[in-house]
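Colleague:
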Amino acid sequence: MLHMISTIPRHLGVIDGTSTDWESDVRQQIDGGSNFLLVLENKPNSISKFCAVFEMEPDCNPTPLPRYSLFSMSQYIDTRHFDELLQAQNDGKRIVFIDQLDLALNKPPRVKPYLVYCPIWGIISQHEELRQAKESIEEYAQTLYRFRPNPDAAIYRWVGGKWEILEIP
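Taking this note's numbering, the leading residue of the sequence shown gets 22, the next gets one more, and so forth.
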(Lines of atoms letter the chains of each structure in order from A and count residues from 1; the text may use other names and numbers.)
(Lines give C-alpha, C1' and ligand atoms only; values in the text may rest on other atoms or scores of the structure.)
Protein backbone atom coordinates (compact mmCIF):
# COMPACT_ATOMS: atom_id res chain seq x y z
CA MET A 1 0.00 0.00 0.00
CA LEU A 2 1.43 3.34 -1.06
CA HIS A 3 1.12 6.16 1.49
CA MET A 4 0.73 9.70 0.30
CA ILE A 5 2.96 12.07 2.24
CA SER A 6 1.63 15.58 2.56
CA THR A 7 3.33 18.75 3.71
CA ILE A 8 1.67 21.06 6.22
CA PRO A 9 2.29 24.72 5.35
CA ARG A 10 1.91 26.44 8.69
CA HIS A 11 3.54 28.70 11.21
CA LEU A 12 2.92 29.24 14.89
CA GLY A 13 0.34 31.99 15.40
CA VAL A 14 1.58 35.29 16.80
CA ILE A 15 -0.91 37.72 18.34
CA ASP A 16 -0.14 41.31 19.28
CA GLY A 17 -1.84 41.75 22.64
CA THR A 18 -1.35 45.50 22.33
CA SER A 19 -3.75 45.73 19.34
CA THR A 20 -7.43 46.55 19.81
CA ASP A 21 -8.86 43.28 18.46
CA TRP A 22 -6.43 40.85 20.10
CA GLU A 23 -9.15 39.11 22.13
CA SER A 24 -11.03 37.93 19.03
CA ASP A 25 -7.72 36.72 17.54
CA VAL A 26 -7.11 34.74 20.75
CA ARG A 27 -10.59 33.19 20.61
CA GLN A 28 -9.99 32.18 16.99
CA GLN A 29 -6.71 30.41 17.94
CA ILE A 30 -8.36 28.69 20.92
CA ASP A 31 -11.34 27.55 18.82
CA GLY A 32 -8.89 26.12 16.29
CA GLY A 33 -6.97 24.31 19.06
CA SER A 34 -3.71 26.01 18.08
CA ASN A 35 -0.87 26.91 20.40
CA PHE A 36 0.34 30.46 19.79
CA LEU A 37 2.56 33.28 20.98
CA LEU A 38 1.04 36.38 22.57
CA VAL A 39 2.85 39.71 22.94
CA LEU A 40 1.78 41.69 26.02
CA GLU A 41 2.72 45.04 27.48
CA ASN A 42 4.57 44.31 30.71
CA LYS A 43 2.08 46.44 32.69
CA PRO A 44 -0.33 45.41 35.47
CA ASN A 45 -3.50 46.34 33.53
CA SER A 46 -2.34 44.33 30.47
CA ILE A 47 -1.55 41.32 32.64
CA SER A 48 -4.88 41.48 34.50
CA LYS A 49 -6.75 41.72 31.16
CA PHE A 50 -4.80 38.63 30.02
CA CYS A 51 -5.94 36.79 33.19
CA ALA A 52 -9.58 37.71 32.50
CA VAL A 53 -9.48 36.68 28.82
CA PHE A 54 -8.03 33.27 29.74
CA GLU A 55 -10.43 32.78 32.68
CA MET A 56 -7.59 32.66 35.20
CA GLU A 57 -7.22 34.14 38.68
CA PRO A 58 -7.14 37.96 38.51
CA ASP A 59 -3.59 37.99 39.90
CA CYS A 60 -2.24 35.39 37.47
CA ASN A 61 1.30 35.94 36.23
CA PRO A 62 1.88 34.47 32.75
CA THR A 63 5.41 33.15 32.37
CA PRO A 64 7.44 35.11 29.85
CA LEU A 65 9.05 33.00 27.14
CA PRO A 66 12.85 33.14 27.55
CA ARG A 67 14.81 34.34 24.53
CA TYR A 68 16.55 30.94 24.10
CA SER A 69 13.10 29.26 23.87
CA LEU A 70 12.08 31.74 21.20
CA PHE A 71 15.20 30.83 19.22
CA SER A 72 14.54 27.10 19.63
CA MET A 73 11.04 27.61 18.19
CA SER A 74 12.23 29.84 15.33
CA GLN A 75 11.77 27.20 12.61
CA TYR A 76 8.03 27.21 13.39
CA ILE A 77 7.65 31.01 13.36
CA ASP A 78 7.23 33.14 10.24
CA THR A 79 10.47 35.12 9.68
CA ARG A 80 8.72 38.51 9.84
CA HIS A 81 6.97 37.57 13.08
CA PHE A 82 10.21 36.23 14.54
CA ASP A 83 11.94 39.59 14.02
CA GLU A 84 8.93 41.38 15.56
CA LEU A 85 9.05 39.06 18.59
CA LEU A 86 12.76 39.74 19.14
CA GLN A 87 12.08 43.48 18.90
CA ALA A 88 9.15 43.19 21.33
CA GLN A 89 11.43 41.44 23.84
CA ASN A 90 14.05 44.17 23.35
CA ASP A 91 11.31 46.75 24.03
CA GLY A 92 10.49 45.07 27.36
CA LYS A 93 7.26 43.42 26.27
CA ARG A 94 6.28 40.00 27.55
CA ILE A 95 6.07 37.11 25.07
CA VAL A 96 3.84 34.31 26.37
CA PHE A 97 3.54 30.85 24.79
CA ILE A 98 -0.11 29.79 25.03
CA ASP A 99 -0.33 26.02 25.36
CA GLN A 100 -3.82 24.62 24.68
CA LEU A 101 -3.42 21.88 27.31
CA ASP A 102 -2.87 24.53 29.99
CA LEU A 103 -6.14 26.33 29.28
CA ALA A 104 -8.86 25.68 31.85
CA LEU A 105 -11.57 25.80 29.20
CA ASN A 106 -10.01 22.94 27.17
CA LYS A 107 -11.61 20.03 28.94
CA PRO A 108 -14.64 17.81 28.29
CA PRO A 109 -17.39 18.45 27.35
CA ARG A 110 -15.96 21.43 25.36
CA VAL A 111 -13.37 19.08 23.85
CA LYS A 112 -13.55 15.32 23.34
CA PRO A 113 -11.86 12.98 25.86
CA TYR A 114 -9.02 11.89 23.53
CA LEU A 115 -6.68 14.40 21.91
CA VAL A 116 -3.84 14.05 19.46
CA TYR A 117 -1.62 16.81 20.73
CA CYS A 118 1.66 18.37 19.62
CA PRO A 119 3.63 20.60 22.03
CA ILE A 120 4.36 22.99 19.15
CA TRP A 121 1.10 23.07 17.12
CA GLY A 122 -1.43 22.28 19.85
CA ILE A 123 -4.50 20.10 19.40
CA ILE A 124 -4.21 18.20 16.12
CA SER A 125 -7.51 16.32 16.51
CA GLN A 126 -10.16 15.33 19.08
CA HIS A 127 -11.83 11.93 19.43
CA GLU A 128 -14.44 10.05 21.42
CA GLU A 129 -12.50 6.76 21.15
CA LEU A 130 -8.86 5.74 21.44
CA ARG A 131 -9.03 3.85 18.13
CA GLN A 132 -9.86 7.08 16.27
CA ALA A 133 -7.02 8.91 18.02
CA LYS A 134 -4.57 6.17 17.00
CA GLU A 135 -5.63 6.50 13.35
CA SER A 136 -5.24 10.28 13.54
CA ILE A 137 -1.75 10.20 15.07
CA GLU A 138 -0.67 7.69 12.42
CA GLU A 139 -1.89 10.06 9.70
CA TYR A 140 -0.18 13.03 11.40
CA ALA A 141 3.11 11.10 11.55
CA GLN A 142 2.95 10.67 7.74
CA THR A 143 2.78 14.42 7.06
CA LEU A 144 5.83 16.62 6.70
CA TYR A 145 6.60 20.12 7.90
CA ARG A 146 8.94 21.97 5.53
CA PHE A 147 10.00 18.60 4.06
CA ARG A 148 10.99 17.29 7.49
CA PRO A 149 8.96 15.13 9.87
CA ASN A 150 6.37 17.04 11.89
CA PRO A 151 7.20 17.74 15.54
CA ASP A 152 6.25 14.76 17.71
CA ALA A 153 2.68 14.38 18.87
CA ALA A 154 1.09 12.10 21.44
CA ILE A 155 -2.34 10.93 22.49
CA TYR A 156 -3.77 12.45 25.66
CA ARG A 157 -6.79 11.26 27.63
CA TRP A 158 -8.88 13.29 30.08
CA VAL A 159 -8.65 11.41 33.39
CA GLY A 160 -9.57 12.60 36.87
CA GLY A 161 -9.77 16.27 35.96
CA LYS A 162 -6.55 16.53 33.95
CA TRP A 163 -4.94 15.54 30.65
CA GLU A 164 -2.66 12.51 30.80
CA ILE A 165 -0.34 11.34 28.06
CA LEU A 166 -0.96 7.75 26.99
CA GLU A 167 1.99 5.43 26.54
CA ILE A 168 1.07 3.51 23.41
CA PRO A 169 3.44 0.80 22.21
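All residues carry an ideal CB built from backbone N, CA and C; glycine is no exception.
May I have a chain-ordered list of the alpha helix (DSSP H) segments no shorter than 4 residues that lie completely inside the segment 71 to 144?
Modeller: Taking only runs of at least 4 residues, the alpha helix (DSSP H) segments lying wholly in the segment 71 to 144 are 88 to 93 and 100 to 111.
Colleague: Which residues in the same chain have their Cβ closer than 7 Å to the Cβ of residue 43, if we skip the five residues on either side of it in sequence?
Modeller: Working through the sequence shown from its first residue, we reach residue 43 at position 22. Counting only Cβ-Cβ distances below 7 Å, and skipping sequence neighbours, we find 36 and 37.
Colleague: Answer yes if the segment 128 to 148 comes into contact with the segment 109 to 117, meaning at least three C-beta pairs across the two stretches below 8 Å, and no otherwise.
Modeller: no
Colleague: Just to check my reading of the structure: residue 71 and residue 33 have Cβ atoms closer than 8 Å, yes? What is that Cβ distance to the nearest angstrom?
Modeller: The count along the sequence shown starts at 1 and reaches residue 71 at position 50. The count along the sequence shown starts at 1 and reaches residue 33 at position 12. Actually they do not touch by this definition, with Cβ atoms about 18 Å apart.
Colleague: Helix, strand or coil for residue 186 per DSSP?
Modeller: Counted from its first residue, the sequence shown places residue 186 at position 165. If DSSP states are grouped into helix, strand and coil, residue 186 belongs with the strands.
Colleague: Quick check: what's the CA-CA separation for residue 173 versus residue 80?
Modeller: Taking the first residue of the sequence shown as 1, we reach residue 173 at position 152. Taking the first residue of the sequence shown as 1, we reach residue 80 at position 59. Approximately 34 Å, taken between the alpha carbons.
Colleague: Leaving aside the five residues before and after residue 55 along the sequence, list all residues of the same chain whose C-beta is less than 6 Å from its C-beta, in chain order.
Modeller: Sequence index remark: in the sequence shown, residue 55 carries index 34 (1-based). Cβ within range, chain order: 34 and 143.
Colleague: Taking only the alpha-carbon atoms, compute the straight-line gap between residue 175 and residue 51 and give it to the nearest angstrom.
Modeller: Taking the first residue of the sequence shown as 1, we reach residue 175 at position 154. Taking the first residue of the sequence shown as 1, we reach residue 51 at position 30. Taking the straight line from one Cα to the other gives about 19 Å.
Colleague: Quick one: what's residue 148 bridged to in DSSP?
Modeller: Within the sequence shown, numbered from 1, the residue matching residue 148 stands at position 127. Answer by DSSP bridge pairing, in chain order: 135.
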